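Presented below is the structure to which this report refers.
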Amino acid sequence: MKTIQFLTIMSISALLFSCNRVQKEDQEKSDFKFLTEQFGDAKILRYQVPGFEQLSLNQKKLIYYLSQAALCGRDIIYDQNYDNNLLIRKTLEAIYSNFQGDKNSEDYRNFVVYTKRFWFSNGIHHHYSTDKFLPDFSKDYFATLVKGIKPEMLPLQEGQTVDQFLTELTPIIFDPGVAPKRVSLDPEKDLVLSSSANFYSGVNQTEVEDSYTKLKAADEKNKQDTRISYGLNDKVVKEGHKIQEVIGKLGGMH
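Under the numbering used here, read the sequence shown as residues 154 to 407, first letter to last.
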């Protein structure tokens, strides 16, 4: 009799514990915020990952190293999207991290929105339309931001002054005619020359197509056709009369 009573009590306790755990999990799910931030036409969403804690240590390690691999490829993606993206990113991040002026002004809030859009799109072109998006603050205000931090925090070239730096960077960011489209699909235009993506330099569409045709033919002849995709992490450049591939690496293709 005592055994039956003990088992009954244990069963009820287990049931209550299970119910409490389910209620707690349901509460956590209901309190979970999927939308963390919104700016421009972009939304940052979070996702629940049920079962993560039940993964083995090796599985968790794999996820960690995959995330590190993605970070290592970050610079390559920015650089592939446009050859001045890394320069712009370093500048925006230097300002965002070090500017000590008024951060409550409308201009500064617009600067933050532009920076977040830049991060979200991995560059100055919209992530869907591939059109260049422009800041909602003025060139003069941008100059104030740049001059509001120490020069050593900026990605200046050797011997370059801050004024020279601004002369170089300002039209890249503000002029709608500079790099207006990351990927052009207009059949009436040369798709390489009318695109700002940094996969090509000094070549036109015909030269690019001919270059990859020769690469494929050479690989097939030598039975070395092991590429996942041609042009995946390279840049076709023309120096003089020679066309060659430049392979992307950490820090960009430069």
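Even glycine gets a Cβ: it sits at the ideal position worked out from N, Cα and C. Keep in mind that this is a model prediction, so the values were computed, not measured.
Check, Outcome
"Beta carbon proximity, Gly-276 to chain B, threshold 7 Å", "Considering every chain present, this structure includes no chain B. It has just one protein chain."
"Reference Asp-133, options Asn-211, Thr-320 and Gly-276, closest by Cα", "With the chain covering 154 to 407 only, the question about residue 133 has no answer from this structure."
"Within 7 Å, strictly: CB atoms of Tyr-261 and Asn-351", "no"
"Span of the alpha helix (DSSP H) around Phe-295", "292–300"
"DSSP three-state assignment for Leu-349, whether helix, strand or coil", "In the sequence as displayed, the identity of residue 349 is Ser instead of Leu. Coil, per DSSP."
"Glu-190: first and last residue of the uninterrupted beta strand (DSSP E) it sits in", "188–192"
"DSSP-derived helix/strand/coil call for Asp-372", "helix"
"Assigned secondary structure, Asp-387 (DSSP; H/G/I helix, E/B strand, else coil)", "strand"
"7 Å Cβ cutoff met for Arg-335 and Thr-283", "yes"
"Buried or exposed by the 16-neighbour rule on C-beta atoms within 10 Å, applied to Leu-346", "exposed"
"Contact set for Ser-364: own chain, Cβ-Cβ below 6 Å, skip 5 residues either direction", "Val-389 and Ile-396"
"Simplified DSSP assignment, three categories, for Ala-195", "strand"
"Member of Asn-237, Lys-256 and Lys-269 whose CA lies at the smallest distance from the CA of Lys-196", "Lys-269"
"Stretch pair the segment 301–310 + the segment 265–281: three plus CB contacts closer than 8 Å", "no"
"Contained alpha helix (DSSP H) runs [length at least 4] in the segment 226–251, N- to C-terminal order", "227–234 and 238–251"
"Between the CA atoms of Gly-301 and Glu-259 - distance to the nearest angstrom", "17 Å"
"Cα-Cα separation between Val-315 and Tyr-200, rounded to whole angstroms", "42 Å"
"From His-280, Phe-187, Pro-329 and Phe-318, residue whose alpha carbon lies closest to that of Leu-298", "Phe-318"
"Contact under 7 Å by Cβ, Ala-332 with Lys-285", "yes"
"Residue closest to Asn-238, alpha-carbon to alpha-carbon, out of Phe-273, Val-356 and Leu-198", "Phe-273"
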